[in-house]
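Novice: 87 is the number that our numbering gives to position 84 of the sequence shown; each next residue is one higher, with no gaps.
Note that CB positions come from ideal geometry on N, CA and C, so glycine has one too.
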Amino acid sequence: MSALTHFNADGQAHMVDVGGKTDSCRRAIASGQIAMLPATFALVQSGGHKKGDVLGIARLAAIMASKHTGTLIPLCHPLALTHVDVAFSLDPAHSTITCQVTAETVGKTGVEMEALTAVNIGLLTIYDMCKAVDRGMVIGQIRLLEKQGGKSGHWRADQIPAGEQTDASPLAG
């Protein structure tokens with residue numbers, strides 16, 4: 004396992020120096036879910052929520068959040084994103100909505116945190132818009148699915164060897 008990079012030799016937090024790194028195309032994909040009551044799900048799915056297009060607003064919130072990651076996460080570098088895509092998939096059988104974000108840049112450091120931040124804020128926006136009718140919604144399974152670019156190359160969550168995976172409990176619903 005690699006050492007934690009956000010601590011210097013004295014054990015103090017610091018921003019990693021990426022000045023000597025080469026620019027490369029960077030891409031990260033993250034996802035997460037929100038589970039809700041079937042009636043709440045139906046409101047979102049039909050577009051019948053009195054606050055408007057829940058998923059449209061959540062998509063904009065996710066994109067905006069990705070652009071502000073460097074101001075939200077203390078040791079993240081501010082990045083010039085070249086592309087952000089936010090997709091929602093609805094599962095009526097389980098009353099869940101999955102948010103998947105792809106973030107891209109050309110630069111010296113990866114975009115994993117931007118994708119993960121966008122997923123969180125997209126799901127929190129759904130919660131905020133629907134909390135008047137369902138305060139028991141559950142947000143979970145937020146994780147990095149894939150990253151490309153940089154010195155460490157291509158990584159995919161589905162290629163993690165058994166025994167090295169984090170024990171992630173399924174989303175309660």
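Quick check: what's the CA-CA separation for L119 versus S34?
Specialist: Cα-Cα distance, rounded: 7 Å.
Novice: In three-state terms, what does DSSP make of A83?
Specialist: If DSSP states are grouped into helix, strand and coil, A83 belongs with coil.
Novice: If contact is defined by three or more beta carbon pairs under 8 Å, each pair taking one atom from either stretch, is the stretch 29-43 in contact with the stretch 124-137?
Specialist: Yes, since at least three Cβ pairs between the stretch 124-137 and the stretch 29-43 fall closer than 8 Å, the two stretches touch.
Novice: Would you mind reading off the limits of the beta strand (DSSP E) that contains Q183?
Specialist: Summary: the structure shown does not reach residue 183, with the chain confined to residues 4 through 176, and so no result is reported for it.
Novice: For I66, which residues from the same chain have a beta carbon less than 8 Å from its beta carbon, with the 5 sequence-adjacent residues on both sides left out?
Specialist: Answer for I66: V87, V89, A121, listed in chain order.
Novice: Could you check how far apart the C-beta atoms of C102 and L78 are, in whole angstroms? I think they sit under 8 Å.
Specialist: Going by Cβ atoms, the distance from C102 to L78 rounds to 24 Å, so no, they are not a contact pair.
Novice: Apart from the five residues on each side of it in sequence, which residues of its chain come closer than 8 Å, Cβ to Cβ, to G113?
Specialist: Counting only Cβ-Cβ distances below 8 Å, and skipping sequence neighbours, we find R29, A31, K150, G152, G153.
Novice: Can you give me the Cβ contacts of F44 inside the same chain, cut-off strictly under 7 Å, excluding the 5 residues immediately before and after it?
Specialist: Contacts found: P95, S98.
Novice: Pick out whichever of D137, A106, K134, I145 has its Cα sitting closest to the Cα of T85.
Specialist: When each option's Cα is compared against that of T85, the closest is A106.
Novice: Under three-state DSSP, which class holds L93?
Specialist: Strand.
Novice: Taking H157 as the reference, which of I145, E115, G143 has the closest Cα?
Specialist: Taking only the C-alpha atoms, the option nearest H157 is E115.
Novice: Tell me which same chain residues have a C-beta within less than 6 Å of the C-beta of I163, skipping the five on either side of it?
Specialist: No residues qualify anywhere along the chain.
Novice: Hey, could you find the ends of the alpha helix (DSSP H) A160 is sitting in?
Specialist: Run containing A160: none; DSSP gives neither H nor E here.
Novice: Taking the alpha carbon of D26 as the point to measure from, which residue in I100, L82, L93 has its own alpha carbon closest?
Specialist: Of the listed residues, the one whose Cα sits closest to D26 is L82.
Novice: Determine the direct distance from the alpha carbon of L93 to that of S172, and round the result to whole angstroms.
Specialist: Residue placement at S172 is flagged as unreliable, the pLDDT there being 49, under the threshold of 50; the coordinate-derived value follows with that caveat. Cα to Cα, S172 sits roughly 20 Å from L93.
Novice: Measuring CA to CA, which of F91, K70, N123 is closest to G143?
Specialist: With distances taken between Cα atoms, G143 lies closest to N123.
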